[in-house]
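A.B. asks:
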Amino acid sequence: MKITGIELRRVAMPLVAPFQTSFTTQTERDVLLLRVVTPEAEGWSECVAMSDPLYSPEYVDAAADVLRRFLIPALPARPDAHTTHHALHPFKGHHMAKAALETAVLDAQLRTSGQPLAAFLGATADRVPAGVSVGIMPSIPHLLEAVTEYLHEGYRRIKLKIQPGWDLAPTRAIREHFGPDLLLQVDANAAYTLADAPHLAKLDDLDLLLIEQPLAHDDLVQHAQLAKKIATPICLDESIESAAHAAAAITLGSCSIINIKPGRVGGYLEARRIHDLARAHGLAVWCGGMLETGIGRAANLALAALPGFTLPGDTSASRRYYTTDLTPPFELHDGHLTVPTGPGIGIDPIPAILDEVTTSTEWIPL
Ligand code: NPG
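According to the numbering used here, the sequence shown is numbered sequentially starting from 3.
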């Protein structure tokens with residue numbers, strides 16, 4: 003596949019409401035989009051890097067820099083997703099930037115051959131149950147109101163963001179209010195230390211599906227130690243940046259569940275490897291989210307339709323985050339989202355909306 007050039011486009015997407023996690027409060031999403039242009043098709047992707055290096059060391063300006071300075075120049079003459087993956091491998095880190103480039107190449111490749119991403123990945127479902135991530139709120143009544151509304155919309159599982167000072171009481175309040183059948187989990191985004199183990203063990207009687215990333219983003223050993231001290235299953239997010247990390251975590255016993263975010267692990271090929279590895283070892287996986295627009299969400303839905311994704315993901319509807327999405331909006335039907343069936347990621351940005359929110363564009367000819 004010959005690539006004529008690649009467009010880097012920045013868009014500013016206001017969130018419907020502030021989204022507070024243990025590491026920041028976001029009110030807007032600064033998104034880097036890639037458009038790979040070939041004579042046959044255009045491929046789109048969304049880089050999941052945030053404005054600041056608070057979730058991981060990556061951030062959006064750095065992603066744009068490494069793309070234009072190193073990754074795009076390293077593309078083979080006639081790339082496909084696999085040769086792109088190999089060409090980017092020598093560069094250390096920068097998984098979010100690599101994922102964006104590989105995914106845009108893959109989308110162009112699949113649109114050229116007419117194959118949907120879900121079929122390429124080996125998906126077996128045509129719709130996936132939707133979970134929703136609920137930020138830290140000013141008070142428990144605010145939280146109860148938000149969760150009530152999400153359940154009313156049809157969400158099948160609730161994930162509460164927690165941090166020291168906002169953990170046991172809000173989680174207990176939700177469990178008590180909505181009863182034992184609610185699928186409920188918590189996400190700490192690395193806000194605790196191993197010394198908090200006795201405190202985290204107090205979540206054990208709340209029958210949670212999992213606790214996500216309680217300890218440091220780069221620590222597998224202490225997660226393995228924590229797993230021996232608490233009954234709630236540990237799920238890793240930030241700590242798993244590759245299939246090799248997943249293999250190490252499985253060997254050490256650091257987690258029994260993995261949140262797979264294709265952006266965090268360097269793309270959909272690596273994401274599928276982690277899925278296959280986890281499945282072979284009997285670990286459940288689910289598909290995380292990074293406040294993606296419809297472009298990133300479409301591709302995540304294809305991945306979430308693989309058979310090992312046995313837990314609902316953070317694959318929520320467009321309106322959870324955006325009043326106006328860049329694409330036709332993803333909507334809940336009976337608590338599920340439909341996996342796109344068109345070639346590639348199966349969806350296109352709407353040009354007028356895209357232009358309205360674009361803050362800069364850069365064309366890199368090849
Ligand atoms: O549904 O897209 C979504 C967001 C889900 O909570 C969510 N994401 O830690 O998993 C996370 C969190 C996050 C959001 C992390 C933005 C980093 C940036």
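Ideal placement from N, C-alpha and C gives every residue a C-beta, glycine not left out.
With DSSP as the reference, identify every bridge partner of residue 257, one or two as the case may be.
C.D. replies: Per DSSP, none; premise fails for residue 257.
A.B. asks: On the DSSP letters alone, give me the boundaries of the alpha helix (DSSP H) that residue 14 sits inside.
C.D. replies: Residue 14 -> not in any alpha helix (DSSP H); beta strand (DSSP E) instead, spanning 7-22.
A.B. asks: Put residue 173 into one of helix, strand or coil per three-state DSSP.
C.D. replies: Of the three classes helix, strand and coil, the one that applies to residue 173 here is helix, per DSSP.
A.B. asks: How far does the alpha helix (DSSP H) with residue 353 in it reach, from first residue to last?
C.D. replies: Run containing residue 353: 353-359, per the alpha helix (DSSP H) assignment.
A.B. asks: With H, G and I counted as helix, E and B as strand and the rest as coil, what does DSSP make of residue 158?
C.D. replies: Coil at residue 158, not helix or strand.
A.B. asks: Leaving aside the five residues before and after residue 136 along the sequence, list all residues of the same chain whose C-beta is less than 8 angstroms from its C-beta, in chain order.
C.D. replies: Around residue 136: 145, 148, 149, 152, 160, 161, 162, 163.
A.B. asks: Can you check DSSP and say which residues form a bridge with residue 454?
C.D. replies: Outside the displayed span of the chain (3 to 368) sits residue 454, for which this structure offers no information.
A.B. asks: Nearest-angstrom Cα distance between residue 88 and residue 218?
C.D. replies: Distance between the alpha carbons of residue 88 and residue 218 is about 29 angstroms.
A.B. asks: Out of curiosity, what's the CA-to-CA distance linking residue 324 and residue 49?
C.D. replies: Each residue's Cα considered, the two are about 17 angstroms apart.
A.B. asks: Quick check on residue 320: does DSSP put it in helix, strand or coil?
C.D. replies: Looking at residue 320 - three-state DSSP - the assignment turns out to be helix.
A.B. asks: Exposed or buried, which one is residue 104 when buried takes at least 16 other CB atoms within 10 Å?
C.D. replies: Result: buried.
A.B. asks: Residue 11 and residue 37 - do their beta-carbons sit closer together than 8 angstroms?
C.D. replies: Taking 8 angstroms as the Cβ cut-off, residue 37 and residue 11 qualify as a contacting pair.
A.B. asks: Check residue 120 in the structure and name its three-state DSSP category.
C.D. replies: Of the three classes helix, strand and coil, the one that applies to residue 120 here is helix, per DSSP.
A.B. asks: Going by CA-CA distance only, name the one from 107, 330, 168 that's closest to residue 202.
C.D. replies: If we check each option's Cα against that of residue 202, 168 comes out closest.
A.B. asks: Would you mind giving the Cβ-Cβ distance between residue 127 and residue 287, rounded to the nearest angstrom? I have them listed as a contact below 8 angstroms.
C.D. replies: At roughly 14 angstroms, the Cβ-Cβ gap does not stay under 8 angstroms, so residue 127 and residue 287 are not in contact.
A.B. asks: Any idea what DSSP makes of residue 151, helix, strand or coil?
C.D. replies: Three-state result, residue 151: helix.
A.B. asks: Is it true that the CB of residue 212 sits closer than 8 angstroms to the CB of residue 1?
C.D. replies: Given that the chain is displayed from residue 3 to residue 368, the structure contains no residue 1 and the question cannot be resolved.
A.B. asks: Can you check which of these residues, 165, 343, 174, is closest to residue 123 by C-alpha distance?
C.D. replies: Nearest option by C-alpha distance: 343.
A.B. asks: So which of 348, 97, 173 has the shortest CA-CA distance to residue 208?
C.D. replies: Selected option, being the one with the closest Cα: 173.
A.B. asks: Determine the DSSP secondary structure at residue 107, reduced to helix, strand or coil.
C.D. replies: If DSSP states are grouped into helix, strand and coil, residue 107 belongs with the helices.
A.B. asks: Residue 85 lies in the alpha helix (DSSP H); which residues open and close that run?
C.D. replies: Where residue 85 is concerned, the enclosing alpha helix (DSSP H) stretches over 83-90.
A.B. asks: State yes or no: is the C-beta of residue 293 nearer than 7 angstroms to some heavy atom of ligand 1?
C.D. replies: Because some heavy atom of ligand 1 lies under 7 angstroms away, the Cβ of residue 293 counts as near it: yes.
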